[in-house]
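Residue numbers (my numbering), protein chains in the order written: chain A, 596 to 900; chain B, 968 to 1228.
Just so you know, even glycine gets a beta-carbon here, dropped at the ideal spot from N, CA and C.
As the structure is a computational prediction, the values presented were derived from the model and not from experiment.
For reference, the structure is listed below as structure tokens.
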Amino acid sequence: MVEADSLVKRFGEVIAVDNLSFHIEKNEVLGFLGPNGAGKTTTMRMLTGYFTPTSGEVHINGVDMVENPREAKRFIGYLPEHPPLYPDMTVKEYLRFVAELHGVKKIRERLDYVQKVCSLSPVWNRLISQISKGFCQRVGLAKAIVHNPSVIVLDEPTIGLDPEQIIETRNLIKSLGEEHSVILSTHILSEANMTCDRVMIINRGKLVGEGTPERLSEELQSKRNIALIVGREIDKSLFSGIPVEIQKQEKLDDKFRLELSFPAEDDLCPELARRITEAGISLYQMQEKKPTLEEIFLSLVKEVL
Amino acid sequence: MRGIGAIYRREINSYFTSPVAYVIITAFLFIAGFIFYNLLSYFALQCIQSVRYAQLYHTVPPPMNINSWVVTPFMQNLAFTFIIIIPLLTMRLFAEEKRQGTMEMLLTAPVSSWEIILGKFLAATTVFLVMLALTFIYQIMLIIYGKPDIPPVLGGYLGIFLFGLALIALGMFISSLTKNQIVAAFISIVLFLFLWIINWSSIFTTRTAIQDTLSYLSITEHLREFIKGVVDTKSLVFFLSLTFLGLFLTDKSLQIWRWKG
């Protein structure tokens, strides 16, 4: 569906994207992960034809973006980081304008469809300048899918939404992934975990890791970290015979908070719980600490060095 | 070509659903009406006076030419008013898109940059034509109540129309250079004023090549030909090439935007 071949984008002396190649299959959800300024937005802008690459090629459904932009752009639905909305138009007028720009034939049908899918009925005839941030984001999403594109490109689609809307949006992206190819960027690992089939980690314009979210976090995690809240202080001797290390122990009012780590290949959680309760210590909370993007990221950078 | 239609309709809606078009058109009509009223009143006063003198000295009153007293100065002042008014129409065309981030959606839509440019250009031209057409009422009044020479009236309107096209294209180009509407309007006004007075410095040189170039570049000189009722190919080509230059530079400016961001 999408082929990007050794993409480079320079802004003067700064190299924003450095020799990035990747491809996206049909009905695949690909996530771009990376800290701010990693080059995610610039990459997406080259994919969608907003920026001309300094060198390298983008093909959408086999059509070259630089040589035949008019044709290639028809296949793409794009939601930029800030939804590109006209405050002086109503939601309906705006989406109709987008549909016209894309040469949609059955405009009415498509408008009804996005109104339903993006739950826009409450604001359908309101001015865009008067609707909330969450609705703006949904109008942006509707803008990206109104012409039924085969590739949907979403730049940080859940930013600025409340938790309920984030869940709705993620579900929507998942369901879109069943019929379309989706590329989305995010800096939230859990989001990539939940929505993406495959993740690419980008730093300073370079690809530093790629794979399914599970594989990425497994590969990068040689140890599992568990946080516990228990009734009293725990001595190291309690864990004799199993490869558990106490990383930290601190007093929380009348309880204690512990951080433990053990090798990722053993699942020692039930054993830990058993030993603690058998020792007569009350166990209030036991939680696995998933690595954050920063931790994965730092480990990746370390590997590179 | 569907892009032109979609962009054109959006721009027209944007002009007429916001107060922009109404405020500009009203302000323009106030100024144009004021100019016409004063020119006509002065002309009427002169007529009465020349008739009184004739009665006093028992002679035939000299013929009064409504074209040179009303039509010509009205056209010139009208054109000058557009130097201030047209930048107000063109300032938002691209600057606003850049500021609110909608440029990204226009440039990633499956339309060529020429479709975007022409859609916007035609929309601004439409508003301009509405203004120009409304002032034609004054000419109709002159034709009903007086006997103006018709070719200068039509020639003058054709000239101002072409002059307006060139200003809109150049104003749009300047708007595509900045995110700030005020800056776009200001630079456009300065550029248009400069083109208006560019031939003034031709008196300081005796080299005819420079004099000719300056007078060829002067909007005023070309407009004068039209207002005389003479449709000169040289002046026609001048305004049309200025228009095309503006459109062409806008296209280049969008391409640079794609490179530099």
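For residue i, the first and last residue of its enclosing beta strand (DSSP E)
| i | result |
| --- | --- |
| ALA611/A | 609-619 |
| ILE821/A | 818-825 |
| LEU848/A | Looking at the sequence itself, residue 848/A is Asp, so the reference to Leu does not match. Here ASP848/A belongs to no beta strand (DSSP E), and DSSP marks it neither H nor E. |
| PHE606/A | 597-606 |
| VAL1037/B | It is not in any beta strand (DSSP E) - VAL1037/B carries neither H nor E in the DSSP assignment. |
| MET881/A | 878-884 |
| ASP750/A | 746-750 |
| GLU805/A | 801-806 |
| TYR708/A | Careful: TYR708/A lies outside any beta strand (DSSP E), inside the alpha helix (DSSP H) at 702-712. |
Span of the alpha helix (DSSP H) around residue i
| i | result |
| --- | --- |
| PHE627/A | From DSSP, PHE627/A is part of no alpha helix (DSSP H) but of the beta strand (DSSP E) over 624-628. |
| TYR1009/B | 987-1023 |
| TYR689/A | 686-696 |
| GLY651/A | Per DSSP, GLY651/A belongs to no alpha helix (DSSP H); it is in the beta strand (DSSP E), 650-655. |
| LYS1219/B | 1200-1227 |
| ARG869/A | 864-873 |
| GLY729/A | 728-740 |
| LEU1121/B | 1117-1142 |
| ILE1164/B | 1148-1164 |
| ASN788/A | 784-790 |
8 Å CB neighbourhood of residue i in its chain, flanking five on each side removed
| i | result |
| --- | --- |
| LEU900/A | With a pLDDT of 45 at LEU900/A, under the threshold of 50, the modelled position of that residue is not reliable, and the figure given next carries that caveat. Nothing meets the Cβ criterion. |
| LEU833/A | ARG870, ILE871, ALA874 |
| ALA694/A | ILE702, ARG705, LEU706, VAL741, HIS742 |
| GLU608/A | none |
| ARG605/A | ALA611, THR649 |
| ILE768/A | VAL624, LEU749, PRO752, VAL777, LEU779, THR790 |
| ILE876/A | VAL825, GLY826, ARG827, ILE829 |
| PHE646/A | LYS604, THR637, ARG640 |
| SER1208/B | none |
Presumed contact (8 Å Cβ cut-off) between residue i and residue j, rounded CB distance
| i | j | result |
| --- | --- | --- |
| PHE1193/B | LEU1137/B | Actually they do not touch by this definition, with Cβ atoms about 18 Å apart. |
| GLU751/A | THR790/A | Actually they are not in contact, since the Cβ atoms of GLU751/A and THR790/A sit about 12 Å apart, beyond 8 Å. |
| GLY772/A | ASN622/A | 6 Å |
| VAL1069/B | PRO679/A | Inspection of the sequence shows that residue 1069/B is occupied by Thr rather than by Val. Going by Cβ atoms, the distance from THR1069/B to PRO679/A rounds to 4 Å, so yes, they are a contact pair. |
| ALA1046/B | PHE1130/B | 6 Å |
| PHE1010/B | ILE1033/B | 7 Å |
| THR1102/B | ALA1021/B | That pair is no contact at about 33 Å. |
| LEU602/A | ILE797/A | Their Cβ separation, rounded to whole angstroms, is 11 Å, which puts LEU602/A and ILE797/A out of contact at 8 Å. |
| LEU855/A | GLU840/A | 7 Å |
| PHE1206/B | HIS1189/B | 7 Å |
| GLY800/A | ASP659/A | With a Cβ gap of about 22 Å, GLY800/A and ASP659/A do not count as contacting. |
| TRP1163/B | ILE1050/B | 6 Å |
| TYR689/A | VAL734/A | 7 Å |
Own chain, CB closer than 6 Å to residue i, minus 5 neighbours either side, in chain order
| i | result |
| --- | --- |
| CYS1014/B | MET1031 |
| LYS884/A | ASN820, ALA822 |
| LEU1221/B | SER1080 |
| PRO1054/B | GLY1138, ALA1152, SER1155, ILE1156 |
| LYS668/A | GLY644 |
| ALA988/B | TYR982, VAL1094 |
| LEU1216/B | PHE1140 |
| MET968/B | none |
| ALA1090/B | TYR975, GLU978, ILE979 |
Proximal residues to residue i (C-beta, below 7 Å), its chain only, five neighbours per side dropped
| i | result |
| --- | --- |
| LEU1073/B | GLU1064, ILE1083 |
| GLY755/A | LYS728, GLN732 |
| ALA739/A | GLY672, TYR673, LEU674, ILE747, LEU749 |
| ILE1165/B | LEU1181, LEU1184, SER1185 |
| ILE1088/B | With the sequence shown as reference, residue 1088/B is identified as Phe, and Ile is not the correct amino acid for it. Excluding sequence neighbours, PHE1088/B sits near ILE1135, ALA1136, MET1139, LEU1214. |
| VAL1198/B | GLY1122, LEU1125 |
| LYS546/A | Chain A is shown from 596 up to 900; residue 546/A falls before or after that span and cannot be answered. |
Proximity test, residue i beta-carbon vs the ligand GDP heavy atom, cut-off 7 Å
| i | result |
| --- | --- |
| THR1075/B | Looking at this structure, you won't find the ligand GDP or any other ligand, since it has none at all. |
Interface flag, residue i vs chain E, CB-CB below 8 Å
| i | result |
| --- | --- |
| MET968/B | Here the protein chains are A and B, and chain E is not one of them. |
Inspect the CB distances between the stretch 1142-1152 of chain B and the stretch 1059-1066 of chain B and report whether three or more fall short of 8 Å.
-> yes
Short-range partners of chain B found in the stretch 673-684 of chain A, where Cβ spacing is below 9 Å | TYR673, PRO675, GLU676, HIS677, PRO678, PRO679, LEU680, TYR681, PRO682, ASP683, MET684
Just by C-beta distance, which residues in the stretch 597-614 of chain A are closer than 7 Å to chain B?
-> PHE606
Which residues, taken in chain order from the stretch 636-656 of chain A, show a beta carbon closer than 9 Å to some beta carbon of chain B?
-> THR637, ARG640, THR643, GLY644, TYR645, PHE646, THR647, THR649
Proximal residues, the stretch 1085-1110 of chain B versus chain A, C-beta separation under 7 Å = none
What residues in the stretch 1210-1226 of chain B bring their beta carbon closer than 7 Å to a beta carbon of chain A?
-> ARG1225, TRP1226
Stretch pair the stretch 988-1002 of chain B + the stretch 1092-1102 of chain B: three plus CB contacts closer than 8 Å = yes
Select from the stretch 656-669 of chain A all residues with a C-beta closer than 7 Å to any C-beta belonging to chain B, and list them in chain order.
-> ARG665, LYS668, ARG669
Taking any Cβ of chain B, which residues in the stretch 693-706 of chain A have a Cβ under 8 Å from it, in chain order?
-> VAL693, GLU695, LEU696, HIS697, GLY698
Mind checking the stretch 1131-1157 of chain B against chain A and listing, in chain order, the residues whose C-beta falls within less than 7 Å of any C-beta there?
-> none
Identify each residue in the stretch 977-1009 of chain B for which the Cβ-Cβ distance to at least one residue of chain A is less than 9 Å, and report them in chain order.
-> ARG977, ASN980, SER981, THR984, SER985
Using a Cβ-Cβ cut-off of less than 7 Å, list which residues of the stretch 1045-1058 of chain B approach chain A; keep chain order.
-> none
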